[in-house]
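In the working numbering, the protein residues as written are 17 to 169.
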């Protein structure tokens, strides 16, 4: 069987498994895949699905996005953007409105630096379709601050 080009995924998985001090069988059990299948992935003979990579990442306690990049499912720039968005959305110390404002600022800076969000077939971009100017974002932050200062509003 010829080795598939999966971006050194198998070698990386083996390194991560060894670092976690797991046997092939232990990782396969924890990820819910068969031992022979995981062995074939490590040897570069099989290209796993995104679901399998997510299960393996969870079992290894590593980022699934990193495995997606190694497998060629996701490019590095997309991974970084997804991780940034995930961190903002998961932060329990800020409310939903603040999260949305942060994502709008992030998208605005990305556009300013030449990273245009991908559009769907209808031509709409992700959640922040319009270009937002700094004064708009500033006003949103001020309004949010006023709302936090006055809990009776």
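All C-beta atoms, glycine included, are put in the ideal place defined by N, C-alpha and C.
For residue 131, which three-state DSSP category applies?
Correct three-state label for residue 131: coil.
Should residue 30 be flagged as near chain B, meaning a C-beta pair shorter than 9 Å?
Judged by its chain identifiers, the structure shown contains no chain B, having just a single protein chain.
Can you tell me the Cα-Cα spacing of residue 140 and residue 123, whole angstroms?
Because residue 140 sits at a pLDDT of 38, beneath the cut-off of 50, its placement in the model cannot be relied upon, and the following sentence gives the value as read from the coordinates. Those two C-alpha atoms are separated by around 14 Å.
So what's residue 50 in DSSP terms, helix, strand or just coil?
It is coil, neither helix nor strand.
Using C-beta distances below 7 Å, list every residue in its chain close to residue 24, excluding the 5 sequence neighbours before and after it, in chain order.
Result list for residue 24: 86, in chain order.
With DSSP as the reference, label residue 147 as helix, strand or coil.
Reliability fails at residue 147, whose pLDDT of 36 lies under 50, so the model's placement of it is uncertain and the value that follows must be treated cautiously. Note: residue 147 maps to coil in three-state DSSP.
May I have the straight-line CA-CA distance separating residue 50 from residue 97, to the nearest angstrom?
If I take the Cα positions, the gap works out to 32 Å.
Please classify residue 76: is it buried, with 16 or more other beta-carbons within 10 angstroms of its beta-carbon, or exposed?
Under this definition residue 76 is a buried residue.
For the candidate residues 101, 100, 65, whose alpha-carbon lies nearest to that of residue 84?
Taking only the C-alpha atoms, the option nearest residue 84 is 65.
Which of the three DSSP states is assigned to residue 90 in this structure?
DSSP places residue 90 in coil when its eight states are reduced to three.
Below 8 Å CB to CB, which residues in the same chain sit around residue 40 once its five sequence neighbours on both sides are set aside?
Here the set comprises 33, 51, 54, 55, 58.
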